[in-house]
Amino acid sequence: MSEHGRTHRLELTDSTLRDWTATVLAVDTDEGIVLDRSAFYPGGGGQPPDHGVLLWSGVQTRIVDVRRGDDLWLIPAEGDPLPSVGTQVQGAIEDDRRTALMRTHSGLHVLSGVVFRDFGALVTGSNMEPLTGRLDFNLETVPDGFKESVEDALNSEIVADRAISAYELPREEALAIPDVIRTAANLLPPTIEIVRIVDIAGLDVQADGGTHVASTRQVGRMRVAKVENKGKGFRRIRVTVED
Ligand SMILES: [Zn+2]
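Mapping to numbering that gives the first Met the number 0: the sequence shown position 40 is 39, numbers consecutive.
The structure is reproduced here in structure tokens:
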């Protein structure tokens with residue numbers, strides 16, 4: 000699970016890692032750059048890819064995107080110099096963006112947890128940018144005071160400082176967890192044998208490949224910006240994350 004093609008994915012076991020050394024395994028002017036070790040989150044589960052740089056021989060290659068093919072291809076900024084195969088590089092993730100995305104992603108899991116617990120609604124879609132995001136819910140009716148009630152619940156869970164951990168489980172064990180069944184049973188391709196779990200202690204457990212903060216307090220304060228009615232039984236909740 001922590002290998003993608005020839006690349007060892009460092010961010011899956013340490014979401015706090017921001018710089019590391021690596022060796023260039025492949026370079027292609029169209030495809031990008033493949034490293035033996037990378038902490039660039041490649042995107043997925045609603046969380047966009049990281050930005051950052053590779054430093055080598057006194058120059059830098061800015062990384063602006065990641066593409067998941069047979070290998071994990073780091074996409075350089077147009078016109079930046081490219082290292083050749085075998086070059087030792089220093090990789091660095093843009094900390095502001097990644098940390099904001101971790102807080103936002105964890106915040107959306109808190110939202111998923113409280114809306115299921117308090118209103119029984121299931122998530123049907125998600126998207127996020129640094130410090131803002133939305134989840135779509137299968138929710139027939141919205142009671143009076145819904146927006147305020149969700150916002151209060153979010154911030155009590157944040158103040159409760161619940162631990163957030165990520166670990167891997169064999170497929171059958173993961174699918175024996177009721178929370179995982181409700182959020183992922185239909186989304187897990189049958190070929191996946193090991194499932195990465197993101198667990199907010201006592202609140203929410205999901206199959207998830209994203210990067211997260213270590214506890215809910217690290218999310219910061221959350222605000223429910225908008226509750227939109229997108230059609231029968233379809234509600235979209237937009238949130239922002241603040242300091
Ligand atoms: Zn997630």
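Backbone N, C-alpha and C define an ideal beta-carbon position, used for all residues, glycine too.
Which of helix, strand or coil does DSSP assign to ILE180?
As a first step, residue 180 is located in the sequence shown; it is residue number 181 there, counting from the start. Here ILE180 sits in helix by DSSP.
In this structure, how does DSSP classify ARG96 when only helix, strand and coil are distinguished? Within the sequence shown, residue 96 is the residue found at index 97, counting from 1. Here ARG96 sits in helix by DSSP.
Using CA coordinates, which residue listed in ALA175, ASP70, VAL218 and THR6 is at the minimum distance from THR131? Here the question's residue 131 lines up with position 132 in the sequence shown. Ranking the options by Cα distance to THR131, first place goes to VAL218.
* To do: Quick one: grab the DSSP three-state call for THR123.
  => To locate residue 123, count along the sequence shown from 1; it is residue 124. Here DSSP, grouped into helix, strand and coil, assigns THR123 to strand.
Excluding the 5 residues preceding and the 5 following ILE193 in the sequence, name in chain order all residues of the same chain whose CB lies nearer than 8 Å to its CB. As a working mapping, residue 193 is identified with position 194 in the sequence shown. Cβ within range, chain order: MET0, GLU167, LEU168, PRO169 and ARG170.
If we count the other Cβ atoms within 10 Å of its Cβ and call it buried at 16 or more, is SER37 buried or exposed? Reading the sequence shown from its first residue, position 38 is the one you call residue 37. SER37 comes out buried.
Within 8 Å, strictly: CB atoms of VAL84 and ILE74: The residue you call residue 84 lines up with position 85 of the sequence shown. The residue you call residue 74 lines up with position 75 of the sequence shown. No, the pair does not count as a contact, with Cβ atoms beyond the cut-off.
Exercise. Consult DSSP for THR22 and reduce its assignment to one of helix, strand or coil.
Key: On the sequence shown, position 23 is the one that residue 22 refers to. Reduced to three states, the DSSP call for THR22 is strand.
message: Closer than 8 Å is the cut-off here; do at least three beta carbon pairs connect the segment 120-137 with the segment 77-94?
response: Not touching, per the Cβ criterion.
**Message:** Given this structure, state the Cα-to-Cα distance separating ASP79 from TRP72, to the nearest angstrom.
**Reply:** Reading the sequence shown from its first residue, position 80 is the one you call residue 79. Reading the sequence shown from its first residue, position 73 is the one you call residue 72. Taking the straight line joining both Cα atoms gives about 16 Å.
Open item on the list: Short of 8 Å in beta carbon distance, which residues of its chain neighbour ASP117, apart from the five on each side in sequence? Order them along the chain.
Closed with: Here residue 117 is taken as the residue at index 118 of the sequence shown, counted from 1. In chain order, SER148, VAL149 and ALA152 place their CB closer than 8 Å to the CB of ASP117, counting only its own chain and leaving out the 5 sequence neighbours on each side.
Item to check | For GLU77, the first and last residue of its enclosing alpha helix (DSSP H) | outcome: To locate residue 77, count along the sequence shown from 1; it is residue 78. Careful: GLU77 lies outside any alpha helix (DSSP H) and carries neither H nor E.
Pull up the distance between the alpha-carbon of GLY51 and that of ASP69, whole angstroms please. Taking the sequence shown and counting its residues from 1, the one referred to as residue 51 is at position 52. Taking the sequence shown and counting its residues from 1, the one referred to as residue 69 is at position 70. For GLY51 and ASP69, the distance between alpha carbons rounds to 22 Å.
Q: Tell me whether GLN205 counts as near ligand 3, meaning its Cβ is closer than 7 Å to at least one heavy atom of that ligand.
A: Only ligand 1 can be found as ligands here, which leaves ligand 3 out of the picture.
Problem set entry | Residue environment, ALA175, which counts as buried when at least 16 other CB atoms sit within 10 Å | The residue labelled residue 175 in the question sits at position 176 within the sequence shown. Around the beta carbon of ALA175, fewer than 16 other beta carbons sit within 10 angstroms, so the residue counts as exposed.
Using DSSP with H/G/I as helix, E/B as strand and the rest coil, what is VAL84? By one-based count along the sequence shown, residue 84 stands at place 85. Here DSSP, grouped into helix, strand and coil, assigns VAL84 to coil.
| request: From the DSSP output, read off the bridge partner residues of LEU34. | output: Taking the first residue of the sequence shown as 1, we reach residue 34 at position 35. In the DSSP secondary-structure assignment, LEU34 is bridged to VAL23.
Practice prompt. Spell out a yes or no on whether the segment 98-115 and the segment 41-49 are touching, meaning 3 or more CB-CB pairs, one atom from each, closer than 8 Å.
Written response: Three or more Cβ pairs drawn from the segment 98-115 and the segment 41-49 lie within less than 8 Å of each other, which places the two stretches in contact.
Check for me: the alpha helix (DSSP H) holding ASP151 runs from which residue to which? In the sequence shown, counting from the first residue as 1, residue 151 sits at position 152. It spans 145-158 - the alpha helix (DSSP H) in which ASP151 sits, taken as one unbroken run.
Return the Cβ separation of ILE32 and HIS108 in integer angstroms, given the expectation that the two are a contact with Cβ distance under 8 Å. In the sequence shown, counting from the first residue as 1, residue 32 sits at position 33. In the sequence shown, counting from the first residue as 1, residue 108 sits at position 109. Distance from ILE32 to HIS108 at the Cβ level is roughly 31 Å; contact not present, criterion being Cβ atoms closer than 8 Å.
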